[in-house]
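Read through the structure below, which is laid out as structure tokens, and then see the notes.
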Amino acid sequence: MSDTLLQLAHVSKHFRVRERGLGQRRTVQAVRNVSLEVEPGETVALVGESGSGKSTLGRVAIGLLTPTSGTVAFDGRALSSLPRPELRRLRRRMQPVFQDVEGSMNPRLTVGATVREGLLVHGLARGQAADARVTRLLTEVGLDPSYARRYPHELSGGQRQRVSLARALAVEPAFLMLDEPVSALDVSVRAQVLALLLELREARGLTYLLIAHDLALVRAIADRVAVMYLGELVELGSERAVYDDPRHPYTAALLSAIPVPDPRARSSRIVLPGEPPSAVAPPPGCPFHPRCFHPERGARCAAERPTLRLVAAGHLAACHFADAPMPTPPEVS
Ligand code: ADP
Ligand code: MG
Numbered sequence: 000m001s002d003t004l005l006q007l008a009h010v011s012k013h014f015r016v017r018e019r020g021l022g023q024r025r026t027v028q029a030v031r032n033v034s035l036e037v038e039p040g041e042t043v044a045l046v047g048e049s050g051s052g053k054s055t056l057g058r059v060a061i062g063l064l065t066p067t068s069g070t071v072a073f074d075g076r077a078l079s080s081l082p083r084p085e086l087r088r089l090r091r092r093m094q095p096v097f098q099d100v101e102g103s104m105n106p107r108l109t110v111g112a113t114v115r116e117g118l119l120v121h122g123l124a125r126g127q128a129a130d131a132r133v134t135r136l137l138t139e140v141g142l143d144p145s146y147a148r149r150y151p152h153e154l155s156g157g158q159r160q161r162v163s164l165a166r167a168l169a170v171e172p173a174f175l176m177l178d179e180p181v182s183a184l185d186v187s188v189r190a191q192v193l194a195l196l197l198e199l200r201e202a203r204g205l206t207y208l209l210i211a212h213d214l215a216l217v218r219a220i221a222d223r224v225a226v227m228y229l230g231e232l233v234e235l236g237s238e239r240a241v242y243d244d245p246r247h248p249y250t251a252a253l254l255s256a257i258p259v260p261d262p263r264a265r266s267s268r269i270v271l272p273g274e275p276p277s278a279v280a281p282p283p284g285c286p287f288h289p290r291c292f293h294p295e296r297g298a299r300c301a302a303e304r305p306t307l308r309l310v311a312a313g314h315l316a317a318c319h320f321a322d323a324p325m326p327t328p329p330e331v332s
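In numbering that gives the first Met the number 0, the protein residues as written are 0 to 332.
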């Protein structure tokens, strides 16, 4: 048995898509050769622009999607090798919480019924015992138990996210895959939901994979940060290492986009040219090279793919120049 709770080894996920009009089939390389381990009790934040493969990786990690290649192991057991009943039991321990969007909750079910559903499905409690569990869960996520009788449309976005958390916690998971859990919420509410996530992690000893597209929010809660670009992991390290000493120019660009409260303290913001390239045809060499601003970038970057390698203790980056700290970027806007 390993100490690692979640182990992704060389995971790739490709989608076959039919191109509009032409009827031609193409392959979207949503996730490419990602290896990542998450220790029990740890929070790993997965960050990157929209389309970088975060949600796909998150879904693969909890067995909602099957990887095209590579393996996913939870608690030392490979998901692909488990017989169905065991896989079901294991999947119960890994629960997703998604962004609060239209339709993430059944509009015809009361809050109580929504939270109770998992208890019934997994045969954990029924009748009055289930009611008592629902009451306890709603209290745990900071909602008055009377909310059990309400419907999703009667709630605010923050309240709905609390219900989503209660629903996920109902089945006693060890691991939560939180996919943009606060992105749809008002700024003032985001901090409250993040504080609740911290509280629940402490109280229940939970392990989180926290997906977010902006780095500003996750700093307070992440132990480690994994940065994705075009389906690949380009940097991985402790929260401190990645925020204070980013070694990949893409990470530096993401960090520079974080608003600073004091305008005089604002560091130069790096504006990346162009859109992220297509995941159908990732650029050869370093996938980031067409948008790169590193002063030392050159022909090598277009030709040779940098591997994700150790650049300091526990800190990995996939850039040919990652052994030295990032030079201060020249661009200012
Ligand atoms: P992120 O969560 O970082 O925004 P996604 O994992 O949702 O990224 O998407 C990564 C890439 O995979 C994108 O190019 C997206 O269009 C594509 N993709 C995601 N899911 C599917 C799917 N079911 N079928 C086809 N392409 C998909
Ligand atoms: Mg996503």
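Here a beta-carbon is modelled for each residue, glycine too, at the ideal position from N, C-alpha and C.
Mind checking which residues open and close the beta strand (DSSP E) that includes residue i?
{"i": "Glu231", "result": "231 to 237"}
{"i": "Arg17", "result": "5 to 17"}
{"i": "Val59", "result": "Not the beta strand (DSSP E): Val59 falls in the alpha helix (DSSP H), residues 53 to 60."}
{"i": "Arg308", "result": "308 to 311"}
{"i": "Ser103", "result": "It is not in any beta strand (DSSP E) - Ser103 carries neither H nor E in the DSSP assignment."}
{"i": "Met176", "result": "174 to 178"}
{"i": "Ala72", "result": "68 to 73"}
{"i": "Val181", "result": "Element bounds for Val181: n/a, residue is neither H nor E."}
{"i": "Ala225", "result": "223 to 228"}
{"i": "Ala44", "result": "42 to 46"}
Please classify residue i: is it buried, with 16 or more other beta-carbons within 10 angstroms of its beta-carbon, or exposed?
{"i": "Ala147", "result": "buried"}
{"i": "Thr26", "result": "exposed"}
{"i": "Thr250", "result": "buried"}
{"i": "Gln23", "result": "exposed"}
{"i": "Ser377", "result": "This structure cannot speak to residue 377, because the chain is shown only from 0 to 332."}
{"i": "Glu231", "result": "buried"}
{"i": "Leu315", "result": "buried"}
{"i": "Val120", "result": "exposed"}
{"i": "His152", "result": "exposed"}
{"i": "Asp178", "result": "buried"}
{"i": "Glu234", "result": "buried"}
{"i": "Ser255", "result": "buried"}
{"i": "Gly75", "result": "exposed"}
{"i": "Cys318", "result": "buried"}
{"i": "Thr306", "result": "exposed"}
{"i": "Ala169", "result": "buried"}
{"i": "Asp335", "result": "The structure shown does not extend to residue 335, since the chain spans only 0 to 332, so no value can be given for it."}
{"i": "Ser21", "result": "The sequence given here places Leu at residue 21; Ser does not occur at that position. Exposed: under 16 other Cβ atoms inside 10 Å."}
I'd like to confirm something about residue i: is its beta-carbon nearer than 7 Å to some heavy atom of the ligand MG, or not?
{"i": "Lys12", "result": "no"}
{"i": "Glu231", "result": "no"}
{"i": "Glu356", "result": "Summary: the structure shown does not reach residue 356, with the chain confined to residues 0 through 332, and so no result is reported for it."}
{"i": "Asp178", "result": "yes"}
Could you give the first and the last residue of the continuous alpha helix (DSSP H) run that contains residue i?
{"i": "Gly117", "result": "110 to 120"}
{"i": "Arg132", "result": "126 to 139"}
{"i": "Pro248", "result": "248 to 255"}
{"i": "Pro84", "result": "83 to 91"}
{"i": "Gln160", "result": "156 to 168"}
{"i": "Ala298", "result": "298 to 302"}
Any heavy atom of the ligand ADP closer than 7 Å to the CB of residue i?
{"i": "Gly50", "result": "yes"}
{"i": "Gly111", "result": "no"}
{"i": "Gly62", "result": "no"}
{"i": "Thr391", "result": "The structure shown has nothing for residue 391, since the chain only spans 0 to 332."}
{"i": "Ala29", "result": "yes"}
{"i": "Ser79", "result": "no"}
{"i": "Gly157", "result": "no"}
{"i": "Leu133", "result": "It is Val, not Leu, that sits at residue 133 in the sequence shown. No, the beta carbon of Val133 sits no closer than 7 Å to any heavy atom of the ligand ADP."}
{"i": "Ala55", "result": "For the record, residue 55 in the displayed sequence is Thr; it is not Ala. Yes - the ligand ADP has a heavy atom lying nearer than 7 Å to the Cβ of Thr55."}
{"i": "Ala317", "result": "no"}
{"i": "Ala278", "result": "yes"}
{"i": "Val71", "result": "no"}
{"i": "Gly47", "result": "yes"}
{"i": "Val16", "result": "yes"}
Does any C-beta atom of chain B lie closer than 8 Å to the C-beta of residue i?
{"i": "Cys285", "result": "Absent from the structure is chain B; it holds one protein chain and no more."}
Helix, strand or coil for residue i per DSSP?
{"i": "Ala215", "result": "helix"}
{"i": "Ser187", "result": "helix"}
{"i": "Pro151", "result": "helix"}
{"i": "His293", "result": "coil"}
{"i": "Val331", "result": "Residue confidence for Val331 is low, a pLDDT of 42 falling below 50, so the modelled location carries little weight; the figure read from the coordinates is stated next. In the structure shown, Val331 sits in coil (DSSP, three-state: anything other than H, G, I, E or B)."}
{"i": "His319", "result": "coil"}
{"i": "Arg203", "result": "helix"}
{"i": "Val241", "result": "helix"}
{"i": "Met0", "result": "Residue confidence is low: Met0 scores 47 on pLDDT, short of 50, so the model does not pin down where it sits. Its coordinate-derived value is still stated next. Of the three classes helix, strand and coil, the one that applies to Met0 here is coil, per DSSP."}
{"i": "Val270", "result": "coil"}
{"i": "Glu36", "result": "strand"}
{"i": "Leu195", "result": "helix"}
{"i": "Leu142", "result": "coil"}
{"i": "Leu208", "result": "strand"}
{"i": "Leu123", "result": "coil"}
### Query
Should the stretch 37 to 48 be called in touch with the stretch 218 to 237, which here means at least 3 C-beta pairs below 8 Å?
yes
### Message
Could you check whether the stretch 152 to 161 touches the stretch 182 to 202, counting it as contact only if at least three pairs of C-beta atoms, one from each stretch, sit closer than 8 Å?
### Response
yes
### Query
Within the chosen definition, does the stretch 55 to 69 reach the stretch 27 to 37 through at least 3 CB pairs nearer than 8 Å?
yes
### Query
Is there contact between the stretch 10 to 20 and the stretch 69 to 81, where contact requires at least three CB pairs shorter than 8 Å?
yes
### Task
Would you check if there are 3 or more beta carbon pairs closer than 8 Å linking the stretch 120 to 139 to the stretch 94 to 108?
no
### Message
Closer than 8 Å is the cut-off here; do at least three beta carbon pairs connect the stretch 110 to 118 with the stretch 129 to 140?
### Response
yes
### Message
Under 8 Å: do the stretch 283 to 293 and the stretch 203 to 223 share three or more Cβ pairs, one atom per stretch?
### Response
no
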